[in-house]
Amino acid sequence: MSFTLRPILRQKKALAGLIIIVALWLMALFAPIVAPGEPGARVGRSHQPPSIEHVMGTTKMGRDVYRQFVWGARSSLSVGFATGIAITVLGTAIGLVAGYAGGRTDAVLDLATNAVLVVPNMPLLILLASFAGTVGPMTIMAIIALTSWPWGARMTRSQTMALRNRDFVTASKMIGEPAWRIIFVEILPNLTTLIGINLVGSIIYAIVAQTTLEYLGFGDPLKVSWGTMLYNAQNSSAIMVGAWWDIGVPAVGIALTGLGLALLNFTFDEIANPQLRSGPALTRWFRLNRARNRELELGR
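For the sequence shown, full-length UniProt numbering assigns the number 1 to the initial residue and increments by one for each residue that follows.
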């Protein structure tokens, strides 16, 4: 384990968040073992409450909610994490190029970033999804990724502009280092915490955006996910008939995922913002890190 990860994982918030996310991913990956059978198969009567036979009840169509919840986690987590990674990579790449290059390149990329930022994100997502009609997970992922990168690009650009005038970057330029090496070797490692915050926030947003689109009926009804579960529950008037489990189970899954990621994000925030730092492990790590930096400066 790296020197940086050790104090992070000693934090109770980060560890709790990691346990939640890993548990959900293991459940999704081992869905055929955890919930064997076809999630769309009819297994009982309409809207049966939770029981020994069906631990999370059944839907209006008599489908097992537990089985749908487990299999739906595969789609929701896969699309959420893949989209979050795509948003982060796209935003980081654009922000790095704009912030380091400056001049006309920065002006063009900044104009494109602002053009996407001025359009309200969720209405834009709904508009694009409505043009596409019923869309699958890959299309939803593409729509979210292509409309959600500007925030990360904006933050990365500002930090890159601050770093490009630092002494170590200037020294690299003076000895003739190529631009790609300066960006990836000198600047990018100093943006690790910012990228981590952007990644976690993007994953949370992607899961919520995917669920929203599917809840509004833009998702593929043949694909089981937490969003389509909510859509089907709403169409079957689950709340009106008292079938709280039909809508409550996928909602809890989304909330747990958001909680786990938020707990991880709190620790990244503490690293990025000195005023938020707390906990003996992080305190010792920051003190030791400052001491090492002073030794390096004295050694120069």
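Quick reminder that beta carbons are idealized off the backbone N, C-alpha and C, glycines included. Because the structure is a prediction, the values reported are computed rather than measured.
{"Query": "Three-state secondary structure (DSSP) at residue 135?", "Result": "strand"}
{"Query": "Buried or exposed: residue 41, going by 16 or more other Cβ atoms within 10 Å of its Cβ?", "Result": "exposed"}
{"Query": "For residue 180, which residues of its own chain have a beta-carbon under 8 Å away from its beta-carbon, when the five flanking residues on both sides are left out?", "Result": "none"}
{"Query": "Please state if the CB of residue 201 and the CB of residue 265 are separated by a distance shorter than 8 Å.", "Result": "yes"}
{"Query": "What does the alpha-carbon distance come out to for the pair residue 255 and residue 28?", "Result": "16 Å"}
{"Query": "Determine, using beta carbons only, whether residue 97 and residue 147 come nearer to each other than 8 Å.", "Result": "no"}
{"Query": "Can you check whether the CB of residue 231 is closer than 8 Å to the CB of residue 215?", "Result": "yes"}
{"Query": "Hey, would you say residue 65 sits closer than 8 Å to residue 246, going by beta carbons?", "Result": "yes"}
{"Query": "Expressed to the nearest angstrom, what Euclidean distance is found between the alpha-carbon atoms of residue 168 and residue 103?", "Result": "21 Å"}
{"Query": "Is residue 58 helix, strand or coil by DSSP?", "Result": "strand"}
{"Query": "Can you name the start and end residues of the alpha helix (DSSP H) that residue 182 belongs to?", "Result": "No alpha helix (DSSP H) holds residue 182; DSSP gives it neither H nor E."}
{"Query": "Can residue 91 and residue 31 be called in contact, C-beta distance under 8 Å?", "Result": "no"}
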